[in-house]
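What follows is a short report on a single structure.
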Amino acid sequence: MASPNPRMIRRRRPSLPRPWRRAFLPYSWVERALGLARLARALAGPCGASAFGLAIIASAAAAQPAAFTDVTPPSMLDDMWGEGVAWGDFDNDGDLDLLVSNEGQLLRLFRNNGNGTFALATPASMSAPGNWTGIAWGDYDNDGDIDVFAAQAETPKHLFRNEGGGVFIDVMPAAIATDSSHVHGVSWVDYDQDGDLDLLYVCAPSVFRPNAPAGEHLLRNNGGDAFVNVTPAALDDPQYGRGCSWADFDNDGDPDLCVANFGTTRLYRNDGGGAFVDVAAGAMLAYGHGGGVTWGDYDNDGDMDLYIAKAFSAVGRLYRNEGNGSFSEVTPPVLQQYCIGAQWADYDNDGDLDLYLGNATAGQPNVLARNDGGGAFSNVTNPALADTDATLGFGWGDYDGDGDLDLYLANGQGRPDRLLRNDTQNGNHWLQLDLIGAQSNRSAIGARIEAWAGGQRRIREVDGGSGYNSQNTLRAHFGLGAATGVDSIRIRWPSGIVQDTVQVGVDRLVRIRERDTRLGVPAPSPVGLALETPAPNPFGGAARITYRVPVATAGALRVLDLQGRAVRTLDRGPLAPGSHHLIWDGSDDAGRPTPPGVYRLRLRTPAATIERTLIRIE
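Residue numbering for the sequence shown follows full-length UniProt numbering, starting at 1 and increasing by one per position.
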């Protein structure tokens, strides 16, 4: 087993827990004393050592613990100063490999052998020891294999270009090489939607490097290996950044940014053209002491909600997206934990997102909270998941390909990492998607996926980096519950292209390549013949349908099910020229209500046929 770096041994002397020492740099000695007092109260408070354990016991008594098994191989037990975790298929063989960052040690790349085992495959270019922190995979050069950005705390950062065959070349651009900031969170994003990946990382000084720069750093990809620092004034924040993550919270088609700071949380709305506006105060998010950040639509209402981990003098908070630019703090008791990181995942494949929280204090347990619907969560932490070895970074990925998400924990303070296999057996179905961008970035980071199954909508966004120093798999995962088929999948690519797929099977991995087609643009047809996308869509009560005919003609407008059977005839020839507006109330030709699901709206004339997808919900 590798010995800790001597510098790391010296760092164990201060009384602050290790991850908080680096983040805690008060502005004066008075503030330092106050900060230490707050820390003491926090550790002895309602979620401190004794109360925290009691909360887990009480909650677990009411819920069946999740089935996770510690299967950590010996090769992973040497990682004892873990910082970050990133799952990704670097060798394009179809299974998920793993990159782990360590402070004072090495980056460690584990190749998945495809049989439940891993082989250490760290290339020579990554073999130098360092204080490695945030890591994230992304195909920045769009050549078909994923590259990786790896940050260090006190030395230059590194961009490793994947050359294939297990070879990576450090192509650290000048914009990164000259930056000596202490980086924590990192995330890939195509913020300007030009088809290639840009990079964001957030920085915080440490007790040991008090003069290191703070704030956010946004690097625009200029093609090749060139990146330019284009951090706008709005992101030039002197606060101590801890975590960052992108998501389209306002559903306007471009990625927005949340940064958790030691000071005040920032929510930057992307207004296009490189302009960002901090809307955290108006969105009711301007709180402090943040750690990791994670987005997910936990209530399946079609917009991205937010959990911000808080590890110092505050507990983590869940914020529900109200769909109007504001958020409501709705944290249930089980999520009110002191935690450095958090990540969403549907571990039980029941169709809604659950949440795992990592506690960075040795001796204190992590928590897996199962989503029970209606805003309720239950603590289902089993002994393997509770791991009390000071978890910092962690990430979800289905490494064994059995359809449920497994978990890797990067533990600090001289404790070994853990690989936890998900052994859930409940009969629920699932679907996984690998998206391949064409007009968009090849990794499809930032793509929004909407899947309909069993009358329920679920959305995911491809993640470029989230949680604490970590990244979940780029492979989108959907739990489907009892649904035996997926009615439709709609992908909104970062390019703006919207692509529909219908009738997808379950319990499988599907690869979808971006097509240069746009939803709602009529197929070639005679000038003036048109069928608009119904509104609203999806619909519950009734949908408004508009079509136009240039001249009188024979034809018909019908609703068909996915088997091609006519369900309802809305209009039939001769069709009069002009625009026509109809309402479909969801009933068939006999007046009976049709079941929820995906339907095809078809306008057919002798000259052309136009179709649109129509989704009916309860």
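Backbone N, C-alpha and C define an ideal beta-carbon position, used for all residues, glycine too.
- Around the beta-carbon of PRO255, 16 or more other beta-carbon atoms lie within 10 Å, marking it buried.
- For the pair of segments examined, the region 458-468 was found to touch the region 435-446: the number of CB pairs separated by less than 8 Å reaches three.
- Taken through DSSP and simplified to helix, strand or coil, PRO593 comes out as strand.
- When C-alpha distances from LEU107 are compared across LEU96, TRP81, ASP95, GLY114, the shortest belongs to TRP81.
- Contact between the region 237-254 and the region 434-443 is absent, with fewer than three C-beta pairs closer than 8 Å.
- In this structure, DSSP gives ALA342 an extended state, which the three-state scheme calls strand.
- SER470 sits in a strand when the DSSP states are folded into three classes.
- Per DSSP, LEU106 is not a residue of any beta strand (DSSP E), being assigned neither H nor E.
- For GLN563, no pairing in a beta bridge is given by DSSP.
- Pairing ARG515 with ALA174, the inter-Cα distance amounts to about 35 Å.
- Following the DSSP letters along the chain, one finds ALA119 inside the beta strand (DSSP E) bounded by residues 118-120.
- DSSP places LEU318 inside the beta strand (DSSP E), whose first and last residues are 317-321.
- The alpha-carbon of TRP87 is positioned some 52 Å away from that of SER579.
- Classified as exposed, ASN113 has fewer than 16 neighbouring CB atoms from the shown chains inside 10 Å of its CB.
- The Cβ-Cβ distance between PRO365 and THR388 falls below 8 Å.
- Scanning the region 269-329 for uninterrupted beta strand (DSSP E) segments of 3 residues or longer gives 275-278, 290-296, 305-310, 317-321, 327-329, listed from N- to C-terminal end.
- Taking a contact to require three or more Cβ pairs closer than 8 Å, the region 478-486 and the region 418-430 qualify as touching.
- Of all alpha-carbon atoms in LEU570, LEU509, GLY403, VAL228, the one lying nearest the alpha-carbon of ALA590 is that of LEU570.
- Segment contact: the region 280-291 against the region 487-507, fewer than three CB-CB distances shorter than 8 Å; contact not assigned.
- Taking a C-beta distance under 8 Å as the contact criterion, ALA260 and GLY290 qualify as a contact pair.
- The DSSP-derived three-state label of ILE176 is helix.
- In this structure, PHE394 lies near GLN343, with their beta-carbon atoms less than 8 Å apart.
- Residue range 383-386 is occupied by the alpha helix (DSSP H) that includes ALA386.
- Counting other Cβ atoms within 10 Å of its Cβ, HIS581 stays below 16 and is therefore classed as exposed.
- Look at LEU405 here: in three-state DSSP terms it is coil, with no helix or strand label.
- Cα atoms of TYR298 and LEU306: separation of roughly 9 Å, rounded to the nearest angstrom.
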